[in-house]
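Chemist: Quick note, the sequences are listed as chains A and B, same order. If you count by our numbering, then the first sequence holds residues 3 to 116, one letter each, in order. If you count by our numbering, then the second sequence holds residues 8 to 252, one letter each, in order. For every residue, glycine included, the Cβ atom is placed at its ideal position computed from N, Cα and C. Note that the coordinates shown come from a computational prediction; the quantities given were computed from them, not determined experimentally. Have a look at this one before I ask anything.
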Amino acid sequence: MTVLEGWWAYVFIAIAGWLATDLWRWLGVLAGNRLREDSEALNWVRAVATALVAAVIAKLILYPTGVLEHSPLWLRLGAVGLGALAFFIGGRKPAIGIATAIAVLAIGLWALGF
Amino acid sequence: MDEGATSGSGRDWFLVGMRGIFSLPAMILMLSFVGFCAFTAQAGFPVEQVVFMTGVVWALPAKVILVSSILGGANVLTAFIAVTLSSIRLMPMVAALVPEIRTQKTPTWLLLFLSHFVAITAWVFAMERVQTVPREHRIAFFAGFGITLVLANMLLVAVVYQFVAEFPPLVSGCLFFLTPVYFLASIWSSARHPVIYVALVIGLVAGPVFFWIAPEFDILLAGLVGGTLAWLAEREWRGRREVRP
Chain A
3 MTVLEGWWAY VFIAIAGWLA TDLWRWLGVL AGNRLREDSE ALNWVRAVAT
53 ALVAAVIAKL ILYPTGVLEH SPLWLRLGAV GLGALAFFIG GRKPAIGIAT
103 AIAVLAIGLW ALGF
Chain B
8 MDEGATSGSG RDWFLVGMRG IFSLPAMILM LSFVGFCAFT AQAGFPVEQV
58 VFMTGVVWAL PAKVILVSSI LGGANVLTAF IAVTLSSIRL MPMVAALVPE
108 IRTQKTPTWL LLFLSHFVAI TAWVFAMERV QTVPREHRIA FFAGFGITLV
158 LANMLLVAVV YQFVAEFPPL VSGCLFFLTP VYFLASIWSS ARHPVIYVAL
208 VIGLVAGPVF FWIAPEFDIL LAGLVGGTLA WLAEREWRGR REVRP
């Protein structure tokens, strides 16, 4: 494992981090400026943006990094499933779904000896 | 909100946005940043670089990829490509947000500046709450929330860095898991357009499917193909409902 040092670290982060992300944000402003709020094109952009975020979510659950890399998949899916169930039963309040999912995960990790 | 509710100055709405720091999404993001902080501390990253990265990159998934690239010894071009491919989603996110917050008079330079503060949390928060803000104050509201959230997390990273390296695995595991679970719950509960539900479900399936088919471009393909499918399906369904009496 390598860690960068000195001024080069900041130039590296500015190019590979800052520019690499803000480039897309700026293009988003230019594209969004041309979209009307009630247009079908904006509906498509909404769908693509949501599907992209959903794909990131699915990857975080299925292929996590760090500690969860060593946790069983059934536990992570079970935590999300029970969290979703609680969310819909509990009147679609995010806090209920989130608390349930995390509680299931914590109990599962504890039972597995993490 | 209607025309009658356009009270308060831009400054008031900036402050209302700032107060968003005490909301559930902001709290969850800060916990996720504690988790990210633990990840960088364990890897031996200097705290100054982590604070700098938090301010200039902001999007958490992009930072995880940037840190992993640096740790893997990638050169600047390889790291740039990895981060930029993972961040394409920021473009449609910003493009969907801009028509919700701008007015006829909003200058483009201001939107370009404020777009820096868009990442998943700020996007979900803004798309959810901006309807309750009079249109001419939406920019001030978003600026108040976005800028405060970035500065608060830079401070948070600087302060907690010393304490996080030795977290118990159970705690770091739960901190990591908060992010996907929170995104799911808040996108579903805040959706104001039917197409969002369809796109969320299709995207969840398309992500792993494209990871299996084309792991290099999985997120991008899942978004474009999955999102387009969701849009077509919802439009078809909407069309049929409108035909019926």
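Between A:A22, A:L29, A:A33 and A:V50, which has its C-alpha nearest T235 (chain B)'s C-alpha?
Modeler: A:V50
Chemist: Could you tell me the boundaries of the alpha helix (DSSP H) in which T102 (chain A) lies?
Modeler: Residues P96 to A113.
Chemist: Taking G180 (chain B) and L79 (chain A) to be in contact with their CB atoms under 8 angstroms, please state how far apart those CB atoms are, rounded to whole angstroms.
Modeler: Going by Cβ atoms, the distance from G180 (chain B) to L79 (chain A) rounds to 15 angstroms, so no, they are not a contact pair.
Chemist: In chain order, what residues of the same chain have a beta carbon less than 6 angstroms from the beta carbon of V58 (chain B), not counting five sequence neighbours either side?
Modeler: M161, V164 and A165
Chemist: Quick one: grab the DSSP three-state call for Y189 (chain B).
Modeler: helix
Chemist: Could you give the C-beta distance for A48 (chain B) and V250 (chain B), rounded to a whole number, given that I count them as a contact under 8 angstroms?
Modeler: That belief does not hold up - the Cβ atoms of A48 (chain B) and V250 (chain B) are roughly 59 angstroms apart, past 8 angstroms.
Chemist: Can you tell me whether DSSP reads Y12 (chain A) as helix, strand or coil?
Modeler: Correct three-state label for Y12 (chain A): helix.
Chemist: Could you give the C-beta distance for G230 (chain B) and A53 (chain A), rounded to a whole number, given that I count them as a contact under 8 angstroms?
Modeler: 5 angstroms
Chemist: Using alpha carbons as the reference points, say which of B:L158, B:A192, B:W219 and B:D225 lies closest to L84 (chain A).
Modeler: B:A192
Chemist: With a Cβ-Cβ cutoff of 8 angstroms, do E241 (chain B) and V202 (chain B) count as a contact?
Modeler: yes
Chemist: Closer than 8 angstroms, Cβ to Cβ, to anything on chain B: give me those residues from the segment 88–109 of chain A, in chain order.
Modeler: F89, R94, K95, P96, A97, G99, I100, A103, I104, L107 and A108
Chemist: Counting pairs of beta carbons, one from the segment 12–22 of chain A and one from the segment 80–99 of chain B, are three or more of them closer than 8 angstroms?
Modeler: yes
Chemist: How long is the line joining the alpha carbons of E173 (chain B) and L6 (chain A), rounded to whole angstroms?
Modeler: 23 angstroms
Chemist: Against L6 (chain A), what residues of chain B qualify as contacts under a CB-to-CB distance less than 8 angstroms, listed in chain order?
Modeler: Q56 and I77
Chemist: Which term fits Q138 (chain B), buried or exposed, when burial requires 16 or more other beta carbons within 10 angstroms of its beta carbon?
Modeler: exposed
Chemist: If you compare alpha carbons, which of A:Y12, A:P96, A:R27 and A:G110 is closest to V188 (chain B)?
Modeler: A:P96
Chemist: In the segment 134–186 of chain B, which residue ranges form an unbroken alpha helix (DSSP H) of at least 4 residues, counting only runs that do not cross its ends?
Modeler: 145–171
Chemist: Once DSSP output is grouped into helix, strand and coil, what is the label at T42 (chain B)?
Modeler: Before going on, a small fix: residue 42 (chain B) reads as Gly here, not Thr. Helix at G42 (chain B).
Chemist: Taking C-alpha atoms, which residue in B:V63, B:V140 and B:L97 lies nearest to L32 (chain A)?
Modeler: Answer by Cα proximity: B:L97.
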